[in-house]
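Chains as they are written, first to last, in the working numbering: chain A, 10 to 436; chain B, 53 to 461.
Just so it is clear, CB atoms sit at the ideal spot from N, CA and C, and this is done for glycine as well.
Just so you know, these numbers come straight off a predicted model, no measurement behind them.
Report on one structure; see the data block that follows.
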Amino acid sequence: MKNIQDNHDPHYGVSRNNMMSENKKPENLLAGVQVLEIANEMGQYCGKMLADLGAEVIKIESPGGDSSRRIGPFYKDTPSAERSLRWWYHNTNKKSITLNLKTNDGLDIFKKLIKGADVLVETPEPGRMEGAGLGYGVLSELNPRLVLSCITGFGMNGPYCKYKASNLVGAGMGGMMSIVGDQDKPPIAPCGEAGYLTVCIFGAIATLLALYRQEAIGKGQLIDIPMQTCVASCLEYAFPYYAYLGTNLKRMGSRLQSFGPGKNTFCYPTKDGGYVYGVTSAPPLDWMEEEGMVDDLKEDERLWYDWMYRIEKEEHVNDVFSRFVKTHTKKEMYDQLLEKRSVWSTVRTIEEVANDPHLRERGFFTEVKHPDLGQDITYARPPAIIDGKVGRLRPSPKIGEHNEEIYSGRMGMEKEEIIALVSAGVI
Amino acid sequence: MQKQEEKALDGVRVIDFTWALAGPFATRMLGDHGAEIIKIERQDGDLTRRVPPFPERSGVNRGGYFNNHNRNKYGMKLNMKDPRGAEIAKKLISKSQVVVENFGSGIFERWGFGYEELCKVKPDIILVSMPGFGHSGPYRDQIGYGQTLQAFSGWFDLTGYPGHPPSGFSFAFSDYLSGGFAAVMTLAALKQWRKTGEGCYIEIPQFEVLVSMLGTNFLDYFVNHRAPGRSGNSLPPHVRAAAPHGAYPCKGEDRWCVITLFTDEDWQAFCKAIGTPPWTRESKFTTILGRLENAEELNERVGSWTLNHTPDEVMSILQNAGVAAGAVREIRDLVDMDPQMKHFGFYVEAEHAELGKRLFENTAFRLSDTPGKINWAAPLLGEHMDFVCKEILGMTEDEINQYIIDGVL
């Protein structure tokens with residue numbers, strides 16, 4: 010596996026003034042941006058995107074560590090706060106300090122940290138930050154430049170603002186589950202953490218919009234980022250079909266809404282238990298013809314050249330296509346579909362994608378050193394190449410790994426102070 | 053007080069060559085927040101102008117799909133195969149900050165629009181390129197459709213019910229993921245440009261975006277050699293204990309409510325909320341391990357309770373007890389009924405030149421000082437030719453007419 014090109018500034022934490030005065034391109038797009046993050050599993054991907062772009066993202070964890078460190082999968086399936094693979098992936102390039110915000114000392118320290126920050130990304134329980142005297146009003150008085158990004162299930166006010174959210178609740182309440190799954194079975198969510206991912210992508214967009222504005226006028230703002238509205242923005246056909254025709258589109262298995270509900274795309278089984286994703290409008294007809302599998306289509310010439318007509322005659326066409334796919338193994342389909350540059354594709358497993366030759370050649374899966382394990386771990390790198398370079402991946406921080414750097418190095422606390430605060434359960 | 057009209061991206065001009073969904077969704081986010089998006093279309097228009105739904109009759113200016121994704125943009129037609137068309141595009145680029153394209157790899161360069169070429173007309177340009185698979189590697193020339201990319205990248209195989217073929221999903225979620233990610237990257241580049249005056253070239257292969265967003269699965273594969281399977285709405289046992297966790301049938305036709313319990317505290321609250329029926333005190337359900345082991349029976353028990361209530365009743369009973377539950381909203385619920393969506397003002401009207409007043413999705417988040425806004429509907433094909441040619445490029449009426457006669461505009 011290729012190693013990614015290391016373009017990271019070796020003087021991590023270089024001061025903002027240095028960055029400003031240099032009139033040359035910084036190595037990372039967000040170099041010099043300081044972000045504080047108080048986020049549970051719902052909001053961590055937002056901070057990851059900012060950290061992967063070179064922002065200094067400092068996670069504030071409660072002493073003992075964030076509860077999301079308890080979510081698996083775990084390294085070698087051995088649970089421990091430092092071995093959650095989910096935590097690893099969602100917190101690359103971040104720093105971690107511990108701080109108990111339920112203590113007065115903790116609040117004092119937090120306010121000092123806020124003064125130097127550009128952004129606070131949080132996933133607050135409704136009213137909790139205000140209750141602790143940490144609402145936007147207080148924080149923006151301490152630091153008018155501060156951008157406060159609030160990632161929640163349902164928004165900062167309104168009838169459901171106090172409702173609890175999980176990934177599945179977000180996918181359900183945002184309408185996504187109603188269009189995923191088979192008609193004769195319960196609605197389901199797309200795999201993984203579709204709800205969380207969606208709100209985090211929108212959260213990063215919103216945060217960067219406010220940062221751009223901050224750069225222009227020197228002032229931050231408060232951003233309300235509800236998972237429900239973010240998820241509801243990604244329903245493709247469902248919204249316009251309802252708004253324009255009053256049609257309430259619902260789940261239809263793997264039949265995509267495309268050129269009309271449930272048209273055009275289908276999942277065909279291969280000879281050996283695999284699947285191929287096919288598009289009725291753009292099938293590999295020449296290949297099928299070579300193998301004499303499309304004689305049925307030739308009876309009606311229009312089926313041959315008119316893709317809109319093929320969509321109309323989907324039942325007949327599908328029959329022909331699925332018979333064709335059934336004569337091949339998944340491997341044959343994979344090879345030939347690529348060879349013929351077809352838009353059809355095989356439905357690939359994680360294992361197949363992990364061993365993908367294209368990703369290998371592009372160095373997409375990359376080795377990251379985990380010194381404490383004495384080994385390199387293979388990660389998916391951030392999927393953007395900027396001026397020909399990819400950003401460096403540093404492993405996620407251990408609990409309070411950067412306490413000394415931040416509390417002593419940056420804030421100038423004495424050793425005795427730190428000991429006192431640790432022993433009192435503040436940090 | 054901020055003036056109502058100020059927007060986060062005031063003064064930013066984007067030359068938008070994108071088509072279909074992923075690219076237009078990225079530029080929609082920028083346009084909603086004040087960037088001036090000049091959408092360059094082929095003379096027969098963006099492919100999605102031919103995509104339904106169409107109210108009453110079809111037509112390139114009548115599609116709801118195109119309208120929803122291309123609001124707040126300026127419409128410009130341009131024949132890029134004519135050298136004069138390419139020249140006009142370069143002039144536009146010389147007066148802009150950002151260029152975005154999502155063509156197949158190589159097309160933009162063939163036009164003479166590679167990054168280095170663009171830097172010659174605008175040294176600080178930001179070029180965002182969103183090829184399906186990237187500008188190198190064995191799949192470089194493959195066609196990257198969002199719909200099939202999600203099958204090819206692993207999303208599809210994991211979505212579905214255990215023991216059944218993959219269900220996949222009936223929409224191009226992938227286009228929103230890669231379009232959203234492209235908006236993130238564009239904004240980060242703009243932030244750097246604002247600070248340093250420097251542009252950059254960003255390559256965002258949509259395939260890699262999709263794979264990266266399953267990142268934990270790949271870590272699990274490389275570290276633990278795990279090949280995961282489909283698990284419906286359940287969380288796999290190696291990830292997290294959660295039971296009940298799923299969609300439960302409710303009163304009404306095909307109505308469902310999601311219920312997600314993680315801790316023992318959640319379970320206590322849940323039992324109390326549903327009136328502590330005797331089965332909840334059976335020993336197989338009183339511990340987390342018991343609930344996981346007997347998940348199937350548990351789901352039936354929970355389902356027999358939810359069936360007596362509407363999804364909204366289930367949600368409200370459980371949420372009032374502090375349990376994470378949510379109705380499975382259908383699109384008509386979101387548009388017509390959901391009080392939180394109404395409170396947020398998520399669906400708003402705007403006037404379309406041919407279709408009249410139409411409903412739009414608002415921006416999904418709200419910036420307190422510079423909220424985004426739907427200012428106008430999607431452009432008719434070539435609607436803003438005059439604005440672009442005269443006000444930005446300073447062409448005369450005669451020049452414009454000649455270009456039109458020659459098939460350049």
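(request) Tell me whether B:His290 sits in a helix, a strand or coil according to DSSP, three-state version. (result) coil
(request) Using a Cβ-Cβ cut-off of 8 Å, state whether B:Ser264 counts as contacting chain A. (result) yes
(request) Find the residues of chain D that neighbour B:Gln149, judging by a C-beta separation of less than 9 Å, and give them in chain order. (result) Judged by its chain identifiers, the structure shown contains no chain D, and its protein chains are A and B.
(message) I'd like to confirm the pairing. Which residues does DSSP put opposite B:Gly408 in its beta bridges?
(response) B:His404
(request) Starting from the beta carbon of B:Met389, find every residue of chain A whose beta carbon is closer than 7 Å, and list them in chain order. (result) Within 7 Å Cβ-Cβ: nothing; B:Met389 doesn't reach chain A, min ~12 Å.
(message) I'd like to know if the stretch 245–260 of chain B and the stretch 177–193 of chain B are in contact, where contact means that at least 3 CB-CB pairs between them fall below 8 Å.
(response) yes
(request) My understanding is that B:Ala87 touches A:Leu39, with C-beta atoms under 8 Å, so please give their C-beta distance in whole angstroms. (result) Contact doesn't hold; Cβ gap of about 19 Å is too wide.
(request) Whole angstroms is fine: what's the gap from B:Thr200's alpha carbon to A:Arg357's? (result) 11 Å
(request) Go through the stretch 325–405 of chain A residue by residue and report every complete run of the beta strand (DSSP E) that reaches 3 residues or more, in order. (result) 374–379 and 384–389
(request) Find the nearest neighbour of A:Thr161 within the set A:Ser175, A:Ser331, A:Thr132 and A:Met185, judged by alpha-carbon distance. (result) A:Thr132
(request) Note down, in chain order, each residue of its chain lying with its Cβ closer than 6 Å to the Cβ of A:Met422, except the 5 sequence neighbours on either side. (result) Tyr416
(request) Provide the residue(s) that pair with B:Arg381 in DSSP beta bridges, ordered along the chain. (result) DSSP output for B:Arg381 lists no bridge partner at all.
(message) Does the CB of A:His411 have a neighbour CB from chain B at under 8 Å?
(response) no
(request) Would you please state the rounded distance, in angstroms, between the beta carbons of B:His436 and B:Tyr167? I believe it to be under 8 Å. (result) So it is not a contact: roughly 27 Å between Cβ atoms.
(request) Just grab the DSSP bridge partners of B:Ala299 for me. (result) B:Val310
(request) Inspect the beta-carbon positions of B:Val310 and B:Ile90 and report whether they are closer than 8 Å. (result) no
(message) Using a Cβ distance threshold of 8 Å, determine whether the stretch 98–118 of chain A contacts the stretch 52–68 of chain A, with at least three qualifying pairs required.
(response) yes
(message) B:Val263 and A:Ala389 - do their beta-carbons sit closer together than 8 Å?
(response) yes
(message) Quick test of the definition: if touching needs 3 or more C-beta pairs under 8 Å, does the stretch 311–321 of chain A touch the stretch 280–296 of chain A?
(response) yes
(request) Have a look at B:Arg80 and B:Glu348 and give me their C-alpha separation to the nearest angstrom. (result) 44 Å
(request) Using a Cβ-Cβ cut-off of less than 9 Å, list which residues of the stretch 365–386 of chain A approach chain B; keep chain order. (result) Asp365, Pro366, His367, Leu368, Arg369, Glu370, Arg371, Phe373, Phe374 and Ile386
(request) Ignore the nearest five residues each way along the sequence and tell me which others in B:Met53's own chain have a CB closer than 8 Å to its CB. (result) Only weak support is given to the placement of B:Met53: the predicted model assigns it a pLDDT of 41, under 50, and the value that follows is read from those uncertain coordinates. Contacts found: none.
(request) With DSSP collapsed to three states, give me the class of B:Pro391. (result) helix
(request) Would you mind giving the Cβ-Cβ distance between B:Val152 and B:Asp68, rounded to the nearest angstrom? I have them listed as a contact below 8 Å. (result) 5 Å
(message) Could you compute how far the alpha carbon of B:Gly304 sits from the alpha carbon of B:Gly355?
(response) 13 Å
(request) State the Cα-Cα distance for the pair A:Ser30 and B:Thr248, rounded to the nearest angstrom. (result) Because A:Ser30 carries a pLDDT of 41, less than 50, the predicted location of this residue cannot be relied on, and the following value inherits that uncertainty. Rounded to whole angstroms, A:Ser30 to B:Thr248 spans 9 Å at the Cα level.
(message) Looking at the strands, I want to know which residues DSSP matches up with B:Ala376.
(response) B:Thr312
(request) Using the Cα positions of B:Cys323 and B:Glu365, report the straight-line distance between them to the nearest angstrom. (result) 16 Å
(request) Answer with yes or no whether the minimum CB distance from A:Ser30 to chain B is below 8 Å. (result) Residue confidence for A:Ser30 is low, a pLDDT of 41 falling below 50, so the modelled location carries little weight; the figure read from the coordinates is stated next. False, the Cβ-Cβ gap to chain B never drops below 8 Å.
(request) Output the distance between the C-alpha atoms of B:Ser181 and B:Tyr253, rounded to the nearest integer angstrom. (result) 8 Å
(message) As an exercise, report each continuous alpha helix (DSSP H) stretch of at least 4 residues that is fully enclosed by the stretch 203–283 of chain A, in chain order.
(response) 203–226, 236–241 and 247–254
(message) Give me the subset of the stretch 119–141 of chain B whose CB atoms are less than 8 Å from a CB atom of chain A, sorted by chain position.
(response) Asn119 and Asn120
(request) At 8 Å on the CB atoms, spell out the chain B contacts of A:Pro196, in chain order. (result) Ala299, Trp308 and Val380
(message) Residues of chain A with CB closer than 9 Å to the CB of B:Met437, please, in chain order.
(response) Within 9 Å Cβ-Cβ: nothing; B:Met437 doesn't reach chain A, min ~26 Å.
(request) Report the three-state DSSP secondary structure of B:Ile256 (helix, strand or coil). (result) coil
(request) With DSSP collapsed to three states, give me the class of B:Glu435. (result) coil
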